[in-house]
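Have a look at the structure below, then the notes.
Set out below in structure tokens:
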């Protein structure tokens, strides 16, 4: 068994002149366990060969003594686990975590320390967007600790905490009910992970419930709006032209912006896009229509099939493009913070984002007569409920069909 201590991001921390978190690595049985410790040091104060803090650090005796204590606890967990008939890497991992993060250890029982480990463990298996949500929740928990001046431990995770945390998110962080529901779901996922890994036996969090209620208005482009956008002459501005093309490609294929941004030429075979989605790792074959192929043909001499740009950059410029295309219908978006209603109104182009393209594909495809199953096969949605969250309703179409029914009476 090998025990090592490394810094989390020594190069980045040195460049940014900030401290880096100390990580514990335990290698055994051909596998490796990585745990985040609660101590950070500047890379200049870290002895990389000895894997300890340099003597020039004012707290080097205390930190190095703590690292030695961690090392001894790992060895104790290892020898205790050897005494079991069914010892394995998984059983050793549980024993080490239990030994290092006991509930009666006031320094190690901090919930945020375990959350950092959780993020590290999930990083290789989740999409970047999911990882961002994990980090946002971590920051909210940290802010909550500072605001309420209390250190979060597993023992404090109960309904009283839940009510206070909800109040903080709604009143102080000013998030909407739907975002709050997502945070609560992610928090419960993390706490279930903690139970499975032996950090806590407190199951009170399973009673945490928050119903966002109601369906949010879906912003999508109508067929006429999409035509106007696609045919808009943007030869005077190459940046806007590229943003329009990437957005329209999303409308024609129904895929997430993250997958469109990472498309490679080898993924395009004939008139089919062979895609392993970033978010779910699913394999999807997307038929490419003449409209999609026309956009790809435009960039056939480039290294990548489509222009590469960030999500934030695209979100900013697509509003400008849609404004030029006169996609400016008065639009009202209603959100709720607790019981408080928040109305946000303005021309439609102000509400257009990269995600609008996927919603546009779903809505127009269903309106054109494609079945739910056919649309789901292309978008990768697993169930009808998820698909319906992306579908808008054409008020002109609904009015027309309603008149057809009721005018017969």
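In the numbering used here, the protein residues as written are 1499 to 1907.
Don't be surprised by glycine CBs; every beta carbon is placed ideally from N, CA and C.
It should be emphasised that the depicted structure is a prediction, and the values quoted were computed from it without experimental measurement.
- According to DSSP, residue pairing for residue 1524 in a beta bridge involves 1501 and 1531.
- Residue 1840 and residue 1573 have their C-alpha atoms spaced approximately 56 Å apart.
- Residue range 1626 to 1646 is occupied by the alpha helix (DSSP H) that includes residue 1646, with no beta strand (DSSP E) assigned at that position.
- One Cα belongs to residue 1589, the other to residue 1500, and the distance between them is close to 17 Å.
- At the C-beta level, residue 1808 and residue 1750 stay beyond 8 Å of one another.
- Straight through space, the alpha carbons of residue 1562 and residue 1556 are spaced by roughly 11 Å.
- With fewer than 16 other Cβ atoms inside 10 Å of its own Cβ, residue 1527 counts as exposed.
- Put simply, the backbone Cα of residue 1529 is about 29 Å away from that of residue 1543.
- Straight-line measurement puts the Cα of residue 1518 at about 19 Å from the Cα of residue 1566.
- If you keep only unbroken alpha helix (DSSP H) runs of at least 4 residues inside the segment 1712 to 1748, you get 1721 to 1729.
- For residue 1655, the closest C-alpha among the options 1677, 1697, 1626 and 1857 is that of 1697.
- Take residue 1659, set aside five residues on each side of it, and the residues of its chain with a beta-carbon closer than 8 Å to its own are 1650, in chain order.
- The beta-bridge partner set that DSSP reports for residue 1774 consists of 1781.
- Contact annotation, residue 1640 with residue 1610: C-beta distance approximately 6 Å; criterion of less than 8 Å satisfied.
- The segment 1857 to 1872 makes contact with the segment 1740 to 1758: 3 or more CB pairs, one atom from each, lie closer than 8 Å.
- Excluding five sequence positions before and after residue 1727, the CB atoms of its chain that fall closer than 6 Å to its own CB belong to 1823, given in chain order.
- Here residue 1586 carries a coil assignment [DSSP, helix/strand/coil].
- Going by beta carbons, residue 1636 and residue 1617 fall inside the 8 Å limit.
- Residue 1787 sits exposed, since fewer than 16 C-beta atoms from the chains shown fall within 10 Å of its C-beta.
- Measuring C-alpha to C-alpha distances from residue 1598 to each of 1837, 1612 and 1624 identifies 1612 as the nearest.
- Pairing residue 1570 with residue 1773, the inter-Cα distance amounts to about 48 Å.
- Looking at the DSSP output, residue 1766 sits in a beta bridge with 1771.
- The bridge partners DSSP lists for residue 1817 come to none.
- DSSP, read as helix, strand or coil, puts residue 1873 in helix.
- In the DSSP assignment, residue 1832 falls within the beta strand (DSSP E) that extends over 1828 to 1835.
- Apart from sequence neighbours up to five positions away, the residues of its chain that approach residue 1826 with a beta-carbon distance below 7 Å are 1845, 1846 and 1847, ordered along the chain.
- Annotated three-state conformation of residue 1698 is coil, per DSSP.
- About 6 Å separates the beta carbons of residue 1857 and residue 1716, which is inside the 8 Å limit, making them a contact pair.
- Residues 1708 and 1710 of the same chain have their beta carbon placed closer than 6 Å to that of residue 1679, with the five preceding and five following residues left out of the count.
- Looking at the DSSP output, residue 1544 shares a beta bridge with 1551.
- Counting only residues of its own chain and dropping the five nearest sequence neighbours on each side, residue 1813 has a CB closer than 7 Å to the CB of 1851 and 1852.
- The three-state reading of DSSP puts residue 1878 in coil, since its state is none of H, G, I, E or B.
- In the three-state reduction of the DSSP assignment, residue 1760 falls in the coil class, being assigned neither a helical nor a strand state.
- When secondary structure is reduced to three states using DSSP, residue 1572 falls in the helix class.
- Assigned with DSSP and collapsed to three states, residue 1754 falls in coil, not helix or strand.
- From the listed residues 1551, 1516 and 1592, the smallest Cα separation to residue 1533 is found for 1592.
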